[in-house]
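This report concerns only the one structure given below.
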Amino acid sequence: MTSHALNEHYGIPGEVQFIAGEGGFTKAVISNRHAAAEVYLHGATVTAFQPRGKAPVLWLSPQAVFKPGKAIRGGIPVCWPWFGPHPTDSTKPQHGFARTAQWSVVSTATLPDDSTELRLHLSDDAQTRSIWPHSFRLELAVVIGSSLRVALRTQNTGNDPMKVGCALHSYFHVGDIHRVEINGLDGRDYVDQPDGNRIKHQTGPVKIEQEVDRIYLDTEDECVIQDTALARSIRVAKSGSKSTVVWNPWIAKSKALADIPDDGYLGMVCVETTNAAKDARFVAAGASSEVVQIISVE
Ligand code: BG6
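Following my numbering, the numbering of the sequence shown begins with 14 at its first residue and continues without gaps.
Next comes the structure, spelled out in structure tokens:
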């Protein structure tokens, strides 16, 4: 659908507008009395969330590439139906295909508290079935209010169970990574991906002093990113998820990744709401499963 047609069907004057964004990709621009936000249909990626009078909450790389087949570096890419590399076939895309697919708009609405809801969906087609042989309907419901609520619902529309891993791969904007602490993971075990997937134990808050790429296990707790430089805390609450991924590429990986500036690691950290590693879920035929992330700033 063209932006014109999207605005005719789903635009809300002064609140939701569809326009051509970077790379010509369509984005929804949302503004209400609580916050402003942007959501690309490419990957159903929320790329901006900014409560009124506050600094941007999400990090979007200034070198993000907006091209078909490429995930947007920043915001909240939707990793699905597997997290990380495909478990058995390395030719399949890292983090699945949802983050590079073209999603469609289901609805937009103004909610009673003047927050704004945008619902997007993705269903299987010949191309997705060639990568992953399942019938599905995936819906992302985004509510932009004083907090940002993102809910990813997987529906199995086929006749066989399917195994699904996923991530709401949120990139957060921080003032100075050296002055950031992540609370909420104390006492949890994690898979240390840069260290050969060894299982380690977290004691105290997470500090980022090197490349950090960890899958925290058996945790449904919320995390709080304490950012001393910006004098704020970002709270990341969740449901439907028993794993949390923390990622910062640090120096070498920032240099190696073309869509991250060399010093990009200083101003961002990912705290991801996931069904990763042993937390991947079986969804029975006809059943649904939902992962929800709620982001707020204090
Ligand atoms: C994280 C993974 O979730 O995403 C990391 O744990 C990965 O291993 C990172 O490097 C970024 O992945 P990508 O595919 O967007 O470069």
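Where a beta carbon is used, it is the ideal one built from N, C-alpha and C, also for glycine.
Given the structure is predicted, the values throughout are model-derived calculations rather than measurements.
Problem - residue 19: first and last residue of the uninterrupted alpha helix (DSSP H) it sits in - result: 16 to 23
Handout entry: Neighbourhood of residue 302 by C-beta, 6 Å cutoff - its chain only, sequence neighbours within 5 removed
Key = 167, 294 and 296
Handout entry: Cβ pair residue 121, residue 56 closer than 7 Å
Key = no
Handout entry: Helix, strand or coil at residue 191 according to DSSP, with G and I counted as helix
Key = helix
Exercise for the section: Check whether the Cβ of residue 93 sits closer than 6 Å to any heavy atom of the ligand BG6, and report yes or no. Expected result: no
Practice task
Check the DSSP bridge columns for residue 196 and list the partner residues they point to.
Solution key: 237
Exercise for the section: Please determine, among 91, 118 and 187, the residue with the shortest C-alpha to C-alpha distance to residue 29. Expected result: 118
Practice task
Assign residue 291 to one of two classes, buried (16 or more other C-beta atoms within 10 Å of its C-beta) or exposed (fewer than that).
Solution key: exposed
Exercise for the section: Return yes when at least one heavy atom of the ligand BG6 lies under 6 Å from the C-beta of residue 138, else no. Expected result: no
Problem - Euclidean distance between Cα positions of residue 18 and residue 52 - result: 17 Å
Practice task
Name the two residues that bound the continuous alpha helix (DSSP H) containing residue 141.
Solution key: 139 to 144
Practice task
Output the boundary residues of the beta strand (DSSP E) element that contains residue 260.
Solution key: 256 to 261
Exercise for the section: Give me the Cα-Cα distance between residue 280 and residue 152, rounded to the nearest whole angstrom. Expected result: 30 Å
Exercise for the section: Starting from residue 180, follow its DSSP beta bridges and name the residues at the other end. Expected result: 92 and 287
Handout entry: Same chain, Cβ closer than 6 Å to residue 78, neighbours up to 5 away in sequence not counted
Key = 272
Practice task
Return the first residue and the last residue of the beta strand (DSSP E) that residue 294 is part of.
Solution key: 294 to 296
Practice task
Compute the distance between the beta-carbons of residue 170 and residue 149, then report whether it is under 7 Å.
Solution key: yes
Exercise for the section: Give me the Cα-Cα distance between residue 187 and residue 159, rounded to the nearest whole angstrom. Expected result: 19 Å
Practice task
With residue 80 as the anchor, note down where its beta strand (DSSP E) starts and where it stops.
Solution key: Element bounds for residue 80: n/a, residue is neither H nor E.
Handout entry: Near the ligand BG6: residue 189 beta-carbon under 6 Å from a heavy atom
Key = no
Problem - Rounded separation between residue 247 and residue 128 - CA only - result: 19 Å
Handout entry: Start-to-end residues for the beta strand (DSSP E) that takes in residue 53
Key = 48 to 53
Practice task
Would you check if the distance between the CB atom of residue 84 and the CB atom of residue 75 is smaller than 7 Å?
Solution key: no
Exercise for the section: For residue 255, I'd like the list of residues in its chain whose CB is within less than 7 Å of its CB, leaving aside the five on either flank, ordered along the chain. Expected result: 231, 232, 233 and 292
Exercise for the section: Could you give the DSSP three-state label for residue 32: helix, strand or coil? Expected result: strand
Handout entry: Start and end residues, beta strand (DSSP E) containing residue 64
Key = 58 to 64
Exercise for the section: Check whether the Cβ of residue 76 sits closer than 6 Å to any heavy atom of the ligand BG6, and report yes or no. Expected result: no
Practice task
Please classify residue 100: is it buried, with 16 or more other beta-carbons within 10 angstroms of its beta-carbon, or exposed?
Solution key: exposed
Handout entry: Limits of the beta strand (DSSP E) - the one that residue 108 falls within
Key = Counting along the chain, residue 108 falls outside any beta strand (DSSP E), and DSSP gives it neither H nor E.
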